[in-house]
Every structure is written in C-alpha cells, then in structure tokens.
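Only one structure is covered here, and it is reproduced in the block below.
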Amino acid sequence: MHARSALFDLYGDHLLARSGWAPISAVVGLLGSLDITAPAVRTAVSRMVREGWLEPEEREVRGYAASARARARLEEAHGRIYRTTATPWDGHWHVVTVEHQADRNTRARVAQSLRYLGYGSLAADTWVAPRESPELAEVLRREGVDHDGFRSRFQGEAASLVSRVWDLQALGAAYRRFAEAAGEAGVPDDPEQAFASRSGLVHAWRLFLFTDPGLPEEVLPEHWPGREAAALFDRQAQALMPRASTWVDTWLAGGPGAVGTGQRRSGA
Numbered sequence: 002m003h004a005r006s007a008l009f010d011l012y013g014d015h016l017l018a019r020s021g022w023a024p025i026s027a028v029v030g031l032l033g034s035l036d037i038t039a040p041a042v043r044t045a046v047s048r049m050v051r052e053g054w055l056e057p058e059e060r061e062v063r064g065y066a067a068s069a070r071a072r073a074r075l076e077e078a079h080g081r082i083y084r085t086t087a088t089p090w091d092g093h094w095h096v097v098t099v100e101h102q103a104d105r106n107t108r109a110r111v112a113q114s115l116r117y118l119g120y121g122s123l124a125a126d127t128w129v130a131p132r133e134s135p136e137l138a139e140v141l142r143r144e145g146v147d148h149d150g151f152r153s154r155f156q157g158e159a160a161s162l163v164s165r166v167w168d169l170q171a172l173g174a175a176y177r178r179f180a181e182a183a184g185e186a187g188v189p190d191d192p193e194q195a196f197a198s199r200s201g202l203v204h205a206w207r208l209f210l211f212t213d214p215g216l217p218e219e220v221l222p223e224h225w226p227g228r229e230a231a232a233l234f235d236r237q238a239q240a241l242m243p244r245a246s247t248w249v250d251t252w253l254a255g256g257p258g259a260v261g262t263g264q265r266r267s268g269a
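Numbering follows our numbering, with no gaps: position 214 of the sequence shown is 215.
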C-alpha cells in the first residue's frame, strides 16, 4: 500500500467522520501501523497539499484537514464503497465526448479519472456511464479538457453495450479473487492489528472503484460474483470497525504512550 493511497483511505474511512482533521503525528503513527515510514508519509502529505486534497491547519498542534475538494471526493467514494447512495436506473446512459489531447500523459490522466468516475471507453474520445458523475465537469476542467455530454437510451440490448465497454469476465474474476483472499477472517483482539486488517480490506475493495462503474442490476449477470464479494466486505468491515476505531482514537488522543494503553507505538 502506497502512502498516498493509505492517506486517502485513512481520511475517507476514519478521519472524515471525525471533523476531517488530524495532527501530523497521528497520521504518521497510524500509517506506521501499516509499515509506511514517517518520511514517506510526510512526502505524501506534502504532495496532497500541492494537489489540493489536504490543507495545513493548526489546532494547538500542526495538522492537516481534508479540503472541500477532498471531502466531496471522499464522500462520493464512501457512498460507492458502502453502496449507501444507490439510485434507481432509468435506462439512460450518460455519453461524454472529450476534446482530443495530443499529449499522451494528459490522455492517460483523463482516462484514469473517467474510469474512476464510472465511465468506460465506447470509442476514441467517447465515454459512457450508467449515470452522470457530479465530479465530471470539475475533473475535466482541472485538466483543461473541453467536453460535451448528453443522456441517451441505447437502441438495443443494454447487456450488449455493457459487454462492448466493460470486461465483465475479468471484473468478475477479480471479485472472486477478492473473496478468496479475504475469506471469513476473524477479528484480532489487538486494536492496532484490527486497524491494519480493516485498512488492507478497505484498500483492496476501494480499488474496484477504478474498474467497476456501479452497473445497474438490470444489466448484470444473474450470478454476479460482485454481490457475494460485497456482502463479504460488508461483514468484515463492520466487524473490524470497533477495534480499528479504538486505534484511531488512541492516536488522535496523543498516541499509545499518551493514554497509557500499553500498546506498541508505531514509529511517529
């Protein structure tokens, strides 16, 4: 797990519900529980400040708060991860054509962003999603890319469109691998281990945001492995949360040494 990804997971899974701010010492300590070094954490924090995801903010001690941009992204991601914002599908697709970019790096960034937002490539510079992303315009504006979009029904079987745009066979195989790797693991008694276990679980599940557009049930196969994988994730994430939260609160209170828990301190 890279430091930058771990930071997104930490803020999205724990800190956003606790005002969205944390002392840098707590961030370093918590990511130390994931075997991420303090220099790597500080470098990632600096990068996320430059990119507009975090903002330095002192509250008696130096810390960092999620920016408005980060809050919007993390709240949207939370809804997709835990499927709390399911919207009935009306049969329409959101089709987007983006201005062609000669620069390969720009094209790659735009493609990665669009896939994260749930869009799949229909043709060159043309993307489609089951619903419009509220972040689309801002993401493309930041890249300096013009676009046009419209909602439309597909004249044919929706499943045939899906098979052209997304590789459901590969995605289904990825969900099966996730379920096999996750298994029905128990909950560690140690809060630090529970935090590390939940962090690894959430990180692995969050990666599906880049490959699964959240297709409507109407276009998914009858025995879709994503459903079983989602149920497994929900059970394990819920079981791990209480002890994981204890470890987060311990660090926000000053760290294991400050509250006398006797737990091993992970390099601050």
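Beta carbons are placed, not taken as given, at the ideal position from N, Cα and C, and that holds for glycine.
Note that the structure is predicted; figures quoted are calculated from it, not measured.
Beta-bridge pairing by DSSP links residue 151 to 96.
Contact between the stretch 172-191 and the stretch 75-86 is absent, with fewer than three C-beta pairs closer than 8 Å. When C-alpha distances from residue 40 are compared across 52, 51, 26, the shortest belongs to 26.
Pairwise C-beta distances place the stretch 4-24 in contact with the stretch 38-55, as three or more of them are shorter than 8 Å.
Between the alpha carbons of residue 8 and residue 244 lies a gap of roughly 19 Å.
Here DSSP, grouped into helix, strand and coil, assigns residue 181 to helix. Residue 236 has its alpha-carbon roughly 27 Å from the corresponding atom of residue 131. C-alpha of residue 108 to C-alpha of residue 127: approximately 12 Å in a straight line.
Residue 77: member of the alpha helix (DSSP H) spanning 69-82, first to last residue. Around the beta carbon of residue 193, 16 or more other beta carbons lie within 10 angstroms, which makes this residue buried. Boundaries of the beta strand (DSSP E) around residue 122: 121-124.
Per DSSP, the beta-bridge partners of residue 56 are 66. With distances taken between CA atoms, residue 210 lies nearest to 120 out of 254, 21, 120. Secondary structure of residue 247 (DSSP, three-state): helix.
A Cβ-Cβ separation of about 15 Å leaves residue 123 out of contact with residue 134 under the 8 Å criterion.
Look at residue 225 here: in three-state DSSP terms it is coil, with no helix or strand label.
Going by DSSP, residue 24 is part of the beta strand (DSSP E) stretching over 22-24.
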